[in-house]
Amino acid sequence: MSILIYAESAEGKFKKTAFELASYAKKIAAETGTTVTAVTINVSDASALAAYGVDKALNVNIDKLKAFNAKAYADVIKQAAVKESSKFVLFSSNTDSLYIAPLVAVGLEAGYASNVVGLPQSIAPFQVKRHAFSNKAFTVTEITTEVKVLAIGKNSFGLVESASSLTQEDFEPSLNDNDFTVKVESSEKVTGKVTIADAEIVVSGGRGLKGPENWGILEDLASALGAATACSKPVSDLGWRPHSEHVGQTGKPVAANLYIALGISGAIQHIAGINSSKVKVVINSDADAPFFKVADYGVVGDVFDIVPRLTEKIKAFKAQNS
Amino acid sequence: MPDTTAKINFTNGDTEFDASGVQFVINPNDEFGLTRAIWFKEQAGATVTVVNVGGPDAEATLRKALATGADEAIRVNAAPTDGFFVAKQLAEVVKNGGYDLVIAGKESLDYNGAMVPGMLAGLTGYDFVNGCIKLDVTGSDVTAVREIDGGKETISAKLPLVIAGQKGLVEEKDLRIPNMRGIMQARTKALTILEPVAANATTKAVKFEKPAPKSAVKLISPDNLDELVNLLHNEAKVI
């Protein structure tokens, strides 16, 4: 009956979203009088999960799973769910988790709700609130199957510490050769930079920065804040910045704690992609730019004047508060 | 799906999407896939079938895909009640049609479920590549690139395969749009209507909500950036 979570990791370490997911699961477990079990894959020590209420870790250590493989990972999680007789299987909204979740849902004949924000509004019938219409609305979805699969939106619940006495056991699922017909040949990862997916703060630039040569001021601000850098669609279309930085409806979604838009007017498709960020700041010379309608804080003025001065203020603030 | 600039409203006590006055378009993620499929047709002689699960209203969208260059269209005549129901209908079409490659969009931009392609793969037993930004096929060998958190990954796979694609499958400037000749030809292309197979929806939309109205933006003078730092720290608590 235990609630099962997939605690996603990278290079043997849990992602922050794994702790957020554990926090969320603990809350449902408390309400339904059950426990939380985490599946971990190639994590040497899962004890960090104890701080967020996980009661049991099923640790899978298999060399063949070192490279991500959705079908094989889904098989592992399905078998863990069956072993634990789990009625809930929970995922975070990381790229890999979202890849696995529908495969698990079909395999367990479970209803699946993605983009979940907040705790269930009701357990029986089971109803959760989800983002829909690209963040322009919410929908309350009822899952009618016995087993339920959820993917929880990033930063939508937060971390809640809750100490537990974690027991760990090795879990050896049976894997099928057919699971491995899709193979990773190579991967390119930006190292030493905060990625948009993991970032708490994202600094994003639009056409108002006038050209790729001016990105230095944005990067300085991002570096002072420990933020990831991003850009609007026109900027990536013009080739000023790589496609991988494009955020918006057809680009990457952003669910950061703080989103700072520099010289971005705020087209509806851009806003749709970043609107689940908690706090939005816009700096733009055009006071009528639509971004001011959705922002929490705004500065009307020249980005080339304001941004370097803001960076200095942030640095001074960090120096004082560290 | 509704046009990406459409105003989103609900009706019938906030239990239904209000489609009045809303223009429906092909999901942008699917448009990239459609153009890539047409490219395969031109390069390798593939036949391209477009399929939709929906009511008669969806036929205009299917005709547009035919005018863009698809060879035939199938509409499964049912309301797309949830992701699983749609995946089940598509799986039936895929199994009966013996398709080598299924190109879906990574997610719809209305319900944003991002679940149909993976469920379809699970139901058909096809392999699956999610978040695909590049796709090449030689014989039955597939090379795909998918987005990962912080980078990208090159993948090899074999047909038959389901991919969930997005921007990058083709460049935006290369997206095909219908021309007059295509529109004329589309009128004579086959649009088959199939009745749905039995499947239970596993979820249902109970109601919809619009986000609470936002309080107005707090404007900070460019000469008082200390105030912005102060608000971000003490009020918003994000730095």
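Here the protein sequences line up with chains F and S, keeping their order.
Quick note: the first sequence uses our numbering, first residue 1, plus one each step.
Quick note: the second sequence uses our numbering, first residue 1, plus one each step.
Glycine is no exception: its CB is placed at the ideal position from the N, C-alpha and C atoms.
All figures in this text were calculated on a predicted structure; none of them were measured in a lab.
In this structure, the CA atom of K189 of chain F is about 17 Å from the CA atom of E8 of chain F.
S187 of chain F: member of the beta strand (DSSP E) spanning 183-189, first to last residue.
By a beta-carbon distance limit of 8 Å, G301 of chain F contacts I283 of chain F. Their separation comes to about 7 Å.
Boundaries for A70 of chain S: no alpha helix (DSSP H) harbours it, and the DSSP string shows neither H nor E there. Your pair T35 of chain F and S2 of chain F checks out as a contact, with CB atoms roughly 5 Å apart and the cut at 8 Å. Proximity of E16 of chain S to chain F, defined by a Cβ-Cβ separation below 8 Å, is not satisfied. Under the 8 Å Cβ criterion, the segment 198-212 of chain S counts as touching the segment 9-18 of chain S, having at least three qualifying pairs.
Ranked by how close their Cα comes to the Cα of T145 of chain F, the residues F:A316, F:A113, F:D170 have F:A113 in first place.
For D136 of chain S, the uninterrupted beta strand (DSSP E) segment begins and ends at 127-138. Taking a C-beta distance under 8 Å as the contact criterion, I152 of chain F and S86 of chain F do not qualify as a contact pair.
Residue contact with chain S for G158 of chain F: absent (no Cβ-Cβ distance below 8 Å to any residue of chain S).
Contact of Y126 of chain S with chain F is not assigned, every C-beta pair being separated by 8 Å or more. Taking the beta carbon of F40 of chain S as reference, no residue of chain F falls within 7 Å; the closest one sits roughly 19 Å away.
Residue pairing from DSSP places A104 of chain S in a beta bridge opposite S:A164. Counting along the chain, H131 of chain F sits inside the beta strand (DSSP E) bounded by residues 126-132. At a cut-off of 8 Å between C-beta atoms, E153 of chain S counts as an interface residue with respect to chain F. Per DSSP, the continuous beta strand (DSSP E) segment holding L4 of chain F begins and ends at 3-6. According to the DSSP assignment, E219 of chain F belongs to the alpha helix (DSSP H) that extends over 215-225. For V50 of chain S, the CB contacts under 8 Å within the same chain, skipping 5 residues up- and downstream, are L34, L62, A65, L66, A70, E72, A73, I74 in chain order. Think of a sphere of 7 Å around the beta carbon of D296 of chain F: the chain S residues whose beta carbon falls inside it are V217, K218, A236, in chain order. Taking a Cβ-Cβ threshold of 9 Å, the residues of chain F close to E209 of chain S are K129, A137, F138, T139, V140, in chain order.
In the structure shown, D237 of chain F falls within a helical segment according to DSSP collapsed to helix, strand and coil. In the same chain as A272 of chain F, and ignoring 5 residues on each side of it, the C-beta atoms closer than 6 Å to its own belong to S134, N135, Q249, in chain order. For L159 of chain S, no CB of chain F lies under 8 Å from its own CB, so it is not counted at the interface with that chain.
Exclusion of the five residues before and after K152 of chain S leaves V145 as the residues of its chain whose Cβ lies within less than 6 Å of its Cβ.
With contact defined as three or more Cβ pairs closer than 8 Å, the segment 189-199 of chain F and the segment 62-79 of chain F are not in contact.
Within the same chain, and ignoring the five residues on either side of K218 of chain S in sequence, the residues whose Cβ sits closer than 8 Å to its Cβ are L231. Within chain S, the residues placing a beta-carbon under 8 Å from that of K71 of chain F are D127, F128, ordered along the chain. 8 Å or more divides the Cβ of P117 of chain S from the Cβ of A157 of chain S. Residue-level contact by beta carbon fails for D100 of chain S and chain F, as no gap is shorter than 8 Å.
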